[in-house]
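As given, the protein sequences belong to chains A and W, one line each in that order. Residue numbers for the first sequence follow our numbering, beginning at 1381 and rising by one. Residue numbers for the second sequence follow our numbering, beginning at 4 and rising by one.
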Amino acid sequence: MSLHLYCIVPAGRAPVAVAGIDGSPVRMVAAGDVACWVSAHSRRPGASALTLQAHNAVATAAMDRTVTPVPLRFGQWLGDAAAVRRELERASGQWLTLLARFEGHAEYGVRVTAGSAPAAPDAARDVRPVQNSGTEYMAGLARRQAEAAHRHAEGERIAAMIQARAASMIRDSRSEPLATPGGVVSLAHLVAWGDVDAYHAVMQQVSHLTTLRLLCTGPWPPYSFS
Amino acid sequence: MSELPLSPDDELSLAELVNRVLDKGALISGDIVISVAGVDLVYLGVRLLVSSVESLRDRIEPRRG
């Protein structure tokens, strides 16, 4: 039986009543001041909507106003509890630093897309094998690149607007282009629990100042900051 | 394995979930191995898994009708 790893928590943070992947029981392996929530499996579960949701549900269950876990990326396995303890001890200082930094905070996501209007075709996906001429092909390519540049600029404007209005509520942030059709940018913010209502109010305000669509998600364990 | 029907917003939430759980989060040790459709893949980045995720969505879509 190998152990699937979910998240790092302070030692003593015993698993709550939450089922792991495939309904497996979640238990804690501790080493010093830190611990890892794990579940035992005879073989590695595959990546699917259900297993990813189960992985996230366990990390989310470890989170409350006093403890925010360090979520681990899906797909990490160790042979037994002794191996988990060795890994925890090897980097215990790093885990304690992250736990202290995350305490009292959660991650919130903002997915900025082109809205309800038909999305412009993504340059990488819009592969058209038949072109009437090289000139048309180059013109189309230039148009799609210009559209992508415009979306990128608008995404940066939105990100800057959010940052300016919510600076006091955002402890840390991440930004990356959203590489889906009509996608603009994906933002992640580390927000204190006490600031969540004000943060959502800012998102509401900003959503009225752009034609782009803002989808806010969260609270998440702080995957983007781990 | 059962599959859940997804509303459009659920699809976006699934995208957010996939982006976080497969591409972010702390690394505790060594290589990440993810099994997709029964094949173990050493993890190199979420973009290499996009086709698998889209296959997952394709499997869910026909149930809507």
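In this text, a Cβ means the ideal position worked out from N, Cα and C, and glycines have one as well.
Sort the options by Cα distance to residue i and report the nearest one.
i               : options                               : result
C1387 (chain A) : A:S1428, A:S1404, A:R1424 and A:T1440 : A:T1440
A1405 (chain A) : A:G1412, A:A1411 and A:A1397          : For the sequence presented, residue 1405 (chain A) should be read as Pro rather than Ala. When each option's Cα is compared against that of P1405 (chain A), the closest is A:A1397.
V1571 (chain A) : A:M1549, A:P1557 and A:R1554          : A:M1549
E1556 (chain A) : A:A1547, A:A1568 and A:R1545          : A:A1568
R1551 (chain A) : A:V1564, A:S1604 and A:H1588          : A:S1604
V1492 (chain A) : A:M1518, A:T1590 and A:G1598          : A:T1590
G1535 (chain A) : A:V1490, A:G1520 and A:S1428          : A:V1490
P1561 (chain A) : A:W1573, A:V1576, A:A1540 and A:E1527 : A:E1527
D1575 (chain A) : A:G1400, A:R1453, A:A1522 and A:Y1488 : A:Y1488
G1459 (chain A) : A:V1409, A:A1434 and A:A1471          : A:V1409
P1599 (chain A) : A:R1445, A:A1494 and A:M1381          : A:R1445
V1389 (chain A) : A:V1586, A:S1553 and A:V1418          : A:V1418
E1469 (chain A) : A:S1553, A:M1583 and A:A1391          : A:A1391
Y1579 (chain A) : A:C1596, A:L1592 and A:E1516          : A:C1596
How many whole angstroms separate the CB atoms of residue i and residue j, which I take to be in contact at a CB cut-off of 8 Å?
i               : j               : result
A29 (chain W)   : V1450 (chain A) : 5 Å
P1602 (chain A) : A1486 (chain A) : 7 Å
W1457 (chain A) : V1414 (chain A) : In fact, because the Cβ distance is near 19 Å, the residues do not count as touching under 8 Å.
L1432 (chain A) : S1606 (chain A) : Going by Cβ atoms, the distance from L1432 (chain A) to S1606 (chain A) rounds to 16 Å, so no, they are not a contact pair.
R1393 (chain A) : A1437 (chain A) : So it is not a contact: roughly 16 Å between Cβ atoms.
H1384 (chain A) : V24 (chain W)   : That belief does not hold up - the Cβ atoms of H1384 (chain A) and V24 (chain W) are roughly 12 Å apart, past 8 Å.
Below 8 Å on C-beta distance, what does residue i contact in chain W?
i               : result
S1606 (chain A) : K27, G28 and A29
F1482 (chain A) : Result: empty, since nearest Cβ-Cβ is about 11 Å, beyond 8 Å.
E1536 (chain A) : Result: empty, since nearest Cβ-Cβ is about 19 Å, beyond 8 Å.
N1436 (chain A) : L20, R23 and V24
L1570 (chain A) : The premise fails here: L1570 (chain A) is roughly 13 Å from chain W at the closest Cβ pair, so nothing lies under 8 Å.
Which chain W residues are close to residue i, counting only those with a beta carbon under 7 Å from its beta carbon?
i               : result
W1600 (chain A) : R23
L1385 (chain A) : I31
E1467 (chain A) : I31 and S32
L1589 (chain A) : None at all; the shortest Cβ gap to chain W is about 21 Å.
T1597 (chain A) : S16 and E19
Which chain W residues are close to residue i, counting only those with a beta carbon under 9 Å from its beta carbon?
i               : result
Y1603 (chain A) : N22, R23, V24, D26, K27, G28 and A29
P1451 (chain A) : R23, V24, K27, G28 and A29
T1477 (chain A) : Here the premise fails: no neighbours, minimum Cβ distance about 12 Å.
I1542 (chain A) : What I1542 (chain A) touches in chain W: nothing, since even the nearest Cβ is about 17 Å away.
What ranges does the beta strand (DSSP E) occupy inside the region 1582–1606 of chain A, keeping only unbroken runs of at least 3 residues that lie completely in it? Note on the region 1582–1606 of chain A: whole beta strand (DSSP E) runs with a minimum of 3 residues are 1593–1600, in chain order.
Does the region 1481–1495 of chain A come into contact with the region 1418–1427 of chain A, if we say contact requires no fewer than three beta-carbon pairs (one atom in each stretch) closer than 8 Å? Contact between the region 1481–1495 of chain A and the region 1418–1427 of chain A is not established, with fewer than three Cβ pairs separated by less than 8 Å.
Secondary structure, alpha helix (DSSP H): runs of 4+ residues fully inside the region 1401–1464 of chain A: Complete alpha helix (DSSP H) runs here, min 4: 1429–1441.
Alpha helix (DSSP H) runs wholly inside the region 1528–1554 of chain A, at least 4 long, in chain order: Complete alpha helix (DSSP H) runs here, min 4: none at all.
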